[in-house]
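Following: one structure in structure tokens, then a few remarks.
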Amino acid sequence: MRIVVLAGGIGGARFLRGLQQASPDADITVIGNTGDDIHLFGLKVCPDLDTVMYTLGGGINEEQGWGRTDETFHLKEELAAYGVGPEWFGLGDRDFATHIVRTQMLSAGFPLSAVTEALCDRWKPGVRLIPMSDDRVETHVAVTLPDSGERKVIHFQEYWVRLRASVPAEAVVPVGAEQSKPAPGVLEAIAEADVILFPPSNPVVSVGSILAVPGIREAIAEAGVPVVGLSPIVGDAPVRGMADKVLAAVGVESSAAAVAEHYGSGLLDGWLVDTVDASAVERVEAAGIRCRAVPLMMSDLDAAARMAAEALTLAEEVRGA
Ligand code: FO1
Numbered sequence: 000m001r002i003v004v005l006a007g008g009i010g011g012a013r014f015l016r017g018l019q020q021a022s023p024d025a026d027i028t029v030i031g032n033t034g035d036d037i038h039l040f041g042l043k044v045c046p047d048l049d050t051v052m053y054t055l056g057g058g059i060n061e062e063q064g065w066g067r068t069d070e071t072f073h074l075k076e077e078l079a080a081y082g083v084g085p086e087w088f089g090l091g092d093r094d095f096a097t098h099i100v101r102t103q104m105l106s107a108g109f110p111l112s113a114v115t116e117a118l119c120d121r122w123k124p125g126v127r128l129i130p131m132s133d134d135r136v137e138t139h140v141a142v143t144l145p146d147s148g149e150r151k152v153i154h155f156q157e158y159w160v161r162l163r164a165s166v167p168a169e170a171v172v173p174v175g176a177e178q179s180k181p182a183p184g185v186l187e188a189i190a191e192a193d194v195i196l197f198p199p200s201n202p203v204v205s206v207g208s209i210l211a212v213p214g215i216r217e218a219i220a221e222a223g224v225p226v227v228g229l230s231p232i233v234g235d236a237p238v239r240g241m242a243d244k245v246l247a248a249v250g251v252e253s254s255a256a257a258v259a260e261h262y263g264s265g266l267l268d269g270w271l272v273d274t275v276d277a278s279a280v281e282r283v284e285a286a287g288i289r290c291r292a293v294p295l296m297m298s299d300l301d302a303a304a305r306m307a308a309e310a311l312t313l314a315e316e317v318r319g320a
């Protein structure tokens, strides 16, 4: 079975590990979000691609969910000693190596998709990981700073990591998305898929950024295969991260049913909500999306595998309908 997954960072990566356990023979292509990418210290950092690569390749810091295991921060400390920041973004020594190799290859003229493939040669994630685009797309967030009252547009990572989403997101803009093209292999993988899955990743800044690349949303809608998603909202709050803040920016309430409606029946065929949101099933089905309530807390690998298995079961139900 050929499965295409649109993945953000931590939630997407952990779901993928479950999917590999639930469906060990599946041929999995991951379309990774690059809207979180940031240039720091002259280097190109791709947090979501790296989170997927390290998680599936066994190099992730399990507690944090991002960055490398056994990490040290000497380089960051040395840069800080020179007064060179930003200090709010935690790049470790081992992680720096990935960004150096990536930037070196990009400077030599290789596209991000080829660079990602080369990095994956080391990590062997067991999936084909393709960035959503080889073009530069960077999510920015409009905020009003509480101290000065100044309205500013800041990089997503500054909003997420430095401000910890402590101020309302007034708008979320995937800068560069309109001019971007899907990376080589993205549309082909979608066209050849048997099933397409949206993990419980952030619907605005992760899956939303991928869908903002012209051609990807249309290809999924026209693929003619089951498209099934899992709610990142459980009991009206995000399972992880600050999805509620960015959902508010696009006028979507923070609930499992509202996220399904946001994607819409033109895109989604099936939607899984957590058992605590069982009352949302009726509303989602009324929107033309088949819905089931199952446990959606990825507390460990087996729980993630059960969620992935439920998603595949729902996909087969949709196919048979
Ligand atoms: N998240 C944090 O909360 N603080 C950090 O300092 C931080 C650094 C970082 C470095 C490399 C990387 O690949 C990810 C990193 N993240 C950090 C995670 C990242 O900011 C976000 O969780 C994702 O972009 C959202 O998917």
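Residue numbering for the sequence shown follows numbering that gives the first Met the number 0, starting at 0 and increasing by one per position.
A virtual CB, placed ideally from N, CA and C, is assigned to each residue, including glycine.
### Query
Residues in its own chain within less than 8 Å of Ala302 by CB, not counting five upstream and five downstream?
Gly17, Pro294, Met296
#### Entry: Distance, Ile37 Cα to Ile153 Cα
12 Å
### Query
In chain order, which continuous runs of the beta strand (DSSP E) of length 3 or greater are located wholly inside the region 56-100?
none
### Query
Can you name the start and end residues of the beta strand (DSSP E) that Thr143 belongs to?
137-143
### Message
In the DSSP output, what is Cys290 paired with across the bridge?
### Response
Trp270
#### Entry: For Ala6: DSSP bridge partner residues
Gly31
### Task
Thinking Val317 and Val249 are a contact (beta carbons under 8 Å), I'd like their distance in whole angstroms, please.
At roughly 26 Å, the Cβ-Cβ gap does not stay under 8 Å, so Val317 and Val249 are not in contact.
### Message
Is the separation between the beta-carbon of Leu111 and that of Cys119 shorter than 8 Å?
### Response
no
### Message
Between which two residues does the alpha helix (DSSP H) holding Ala188 run?
### Response
185-191
### Query
Quick one: what does DSSP say Pro46 is sitting in, helix, strand or coil?
helix
### Task
Give the secondary structure of Leu39 by DSSP, where H, G and I count as helix, E and B as strand, and everything else as coil.
strand
### Message
Let me check understanding here. Comparing Cα to Cα, which of Trp270, Gly31, Ala277, Trp87 lies closest to Ala307?
### Response
Trp270
### Task
Express the C-alpha separation of Gly58 and Ser254 in angstroms, rounding to a whole number.
33 Å
### Query
What did DSSP end up calling Gly228 once you bin it into helix, strand or coil?
strand
### Query
For the ligand FO1, any of its heavy atoms closer than 7 Å to the Cβ of Ile99?
no
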